[in-house]
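K.L.:
Count the sequence shown with numbering that gives the first Met the number 0 and you get residues 0 to 182, in order. Take this structure, written in structure tokens, and hold onto it; I'll ask about it next.
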Amino acid sequence: MAKKVIGFIKLHVPGGQANPAPPVGPALGQHGVNIMEFCKQFNAKTQDKQGITIPVEINVYADRSFSFITKTPPASVLIMREIGLSSGSGEPNRSKVGQITRDQLKKIAEMKMEDLNANDVDAGAEMIAGTARSMGVVIAGSEEAKNVEIVDPSETKAQGGDAGQAEEDTGIAIDVEDVGEEG
Numbered sequence: 000m001a002k003k004v005i006g007f008i009k010l011h012v013p014g015g016q017a018n019p020a021p022p023v024g025p026a027l028g029q030h031g032v033n034i035m036e037f038c039k040q041f042n043a044k045t046q047d048k049q050g051i052t053i054p055v056e057i058n059v060y061a062d063r064s065f066s067f068i069t070k071t072p073p074a075s076v077l078i079m080r081e082i083g084l085s086s087g088s089g090e091p092n093r094s095k096v097g098q099i100t101r102d103q104l105k106k107i108a109e110m111k112m113e114d115l116n117a118n119d120v121d122a123g124a125e126m127i128a129g130t131a132r133s134m135g136v137v138i139a140g141s142e143e144a145k146n147v148e149i150v151d152p153s154e155t156k157a158q159g160g161d162a163g164q165a166e167e168d169t170g171i172a173i174d175v176e177d178v179g180e181e182g
């Protein structure tokens, strides 16, 4: 008989850097999971992706054991890393902060292919292009790229624009779902 799942936790944790400090510790602790054991296993599995935000889905069982699955990094993180941005545009429809080529989009799509709902790499690249546009990144060779001036995100921040005014991102996000007794 399969173990009974009592909780499902989604986290975004920097690779190789999980520790029991908030928010990881409290999210796992409320389900009675051995926090240090999770941190050791997660850090060992993601040591080759140091500092890159990695989504992880954790199943917590009735005997307080757990299993987890790591996903590929979010497309926005891969885009920023590929073109050297620290953040996207605060107003992507007005200020553009970078440019990405079709080859770079395909490279990112190949990395994310297992998590994308696409039939081939070209379709995946189009999905990644949509994410790039929503971040204020222009696709090289597009009509938009010919008519747009790319702005340095630090300049818009200095001028009082919205870019970069959000609270500091810790790189960790949490989504906890309790799976209660049914029936």
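By construction, the Cβ of each residue, glycine as well, lies at the ideal position given by its N, Cα and C atoms.
With distances taken from CA atoms, which of A128, S64, H30 and P73 is nearest G195?
P.N.:
Since the first residue of the chain shown is 0 and the last is 182, residue 195 is not available in this structure.
K.L.:
Rounded to whole angstroms, how far is the Cβ of V55 from the Cβ of V12, which I believe are closer than 8 Å?
P.N.:
Translated into the one-based positions of the sequence shown, residue 55 becomes position 56. Translated into the one-based positions of the sequence shown, residue 12 becomes position 13. Correct: roughly 6 Å between the Cβ atoms.
K.L.:
Suppose you measure from the CA of K2 to the CA of Q29; what does that come to, to the nearest Å?
P.N.:
Within the sequence shown, numbered from 1, the residue matching residue 2 stands at position 3. Within the sequence shown, numbered from 1, the residue matching residue 29 stands at position 30. Each residue's Cα considered, the two are about 19 Å apart.
K.L.:
Spatial neighbours of G31 within its chain, please: C-beta separation below 8 Å, excluding the five flanking residues on both sides.
P.N.:
Taking the first residue of the sequence shown as 1, we reach residue 31 at position 32. Around G31: V59 and R63.
K.L.:
Pick out the complete beta strand (DSSP E) segments inside the region 63–142, 3 residues or longer, and give them in chain order.
P.N.:
65–69, 97–99 and 136–138
K.L.:
Between which residues of its own chain and G159 is the CB-CB distance below 6 Å, once the five residues before and five after are set aside?
P.N.:
Your numbering for residue 159 matches position 160 in the sequence shown. Unreliable positioning characterises G159 in this predicted model, as indicated by a pLDDT of 44, which lies under 50. The coordinate reading is nonetheless provided below. The answer is none, since no qualifying residue turns up.
K.L.:
Ends of the alpha helix (DSSP H) at P25?
P.N.:
Along the sequence shown, read from residue 1 onward, the residue named residue 25 stands at position 26. Note, P25: alpha helix (DSSP H), V23 to G28.
K.L.:
Following the continuous alpha helix (DSSP H) through E36, name the residue where it begins and the one where it ends.
P.N.:
The count along the sequence shown starts at 1 and reaches residue 36 at position 37. I34 to K44 is the span of the alpha helix (DSSP H), which, as asked, contains E36.
K.L.:
Would a C-beta distance cut-off of 8 Å place S88 and G140 closer than the cut-off?
P.N.:
Numbered from its first residue, the sequence shown carries residue 88 at position 89. Numbered from its first residue, the sequence shown carries residue 140 at position 141. Against a cut-off of 8 Å, the Cβ pair of G140 and S88 comes out as no contact.
K.L.:
Ignore the nearest five residues each way along the sequence and tell me which others in N18's own chain have a CB closer than 7 Å to its CB.
P.N.:
Within the sequence shown, the letter at position 19 stands for residue 18. The residues are C38.
K.L.:
Cutting at 6 Å between CB atoms, please list the residues of its own chain near Q16, excluding the five before and the five after it.
P.N.:
If you number the sequence shown from 1, residue 16 lands on position 17. Answer for Q16: no residue qualifies.
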